[in-house]
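What follows is one structure encoded as structure tokens, with my remarks underneath.
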Amino acid sequence: MQQIILYSDGCSAQNRNCTLSNALLNLALEKHVCIIQKYLEKGNTQMEYDSMHSTIERQLKGRTINLPADYVSLCKLARKNPRPYEMSYLDYTFFKDFNKLNLIKSIRPGFKIGDSTVNNLRALKYNPDGKIEFKIKHSKEFQDMPMRLKPNLNYISIDSLPLLYKEQLKIKKKF
């Protein structure tokens, strides 16, 4: 079985939530793969995108941005060697509403006061049979997530998910 490992920072709002977990579980079901999401320890790591962000920020410093599309060319120009960054311009039709997936309702590994919470998670494992496992310590073995899965859990094709936005978002007038 193919295994995919993702590394996420510890931001609960972005990476430790049901929306992302539903999307990853749905992908594991659809593609018949095992997806392991590992959370980095705060303050002990640096990811490749950290240096990418820094390089792009230096390129943008002091530049005038007239259109959102200006970011694409400036980001490409931020690095020359070994090659420019690859960029894709995404419009509103790319973004899907993963809140509609509702395969799971919680990724909290405990139920009662004093039990582990999502902030204690160090890794989640999404299996192609719909089972989710978790780790509280990287050095420990995975444990089954204590949750009730829907019977006959089926994936939803990404193409059939509704769009997150119905139209292009308007840029608010700042001045």
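Just so we're on the same page, our numbering is the position in the sequence shown counted from 1, plus 220.
Idealized CB from N, CA, C, for every residue including glycine.
State yes or no: is the C-beta of residue i within less than 7 Å of the C-beta of residue j?
i: Q257; j: L373; result: no
i: I356; j: S241; result: no
i: L369; j: D317; result: no
i: Y346; j: A248; result: yes
i: N251; j: G230; result: One point to set straight first is that residue 251 is Lys, not Asn, in the sequence displayed. For K251 and G230, no; Cβs fall outside 7 Å.
i: I376; j: M365; result: no
i: V292; j: Y309; result: yes
i: V253; j: Q279; result: no
Compute the Euclidean distance between the alpha carbons of residue i and residue j, then round it to the nearest angstrom.
i: H273; j: C295; result: 9 Å
i: T275; j: T239; result: 30 Å
i: E361; j: F354; result: 8 Å
i: D311; j: L245; result: 25 Å
Buried or exposed: residue i, going by 16 or more other Cβ atoms within 10 Å of its Cβ?
i: R236; result: buried
i: F315; result: exposed
i: Y259; result: buried
i: P288; result: exposed
i: L389; result: exposed
Under the assumption that residue i contacts residue j (Cβ atoms under 8 Å), give the Cβ distance between them as a whole number of angstroms.
i: I255; j: I285; result: Going by Cβ atoms, the distance from I255 to I285 rounds to 36 Å, so no, they are not a contact pair.
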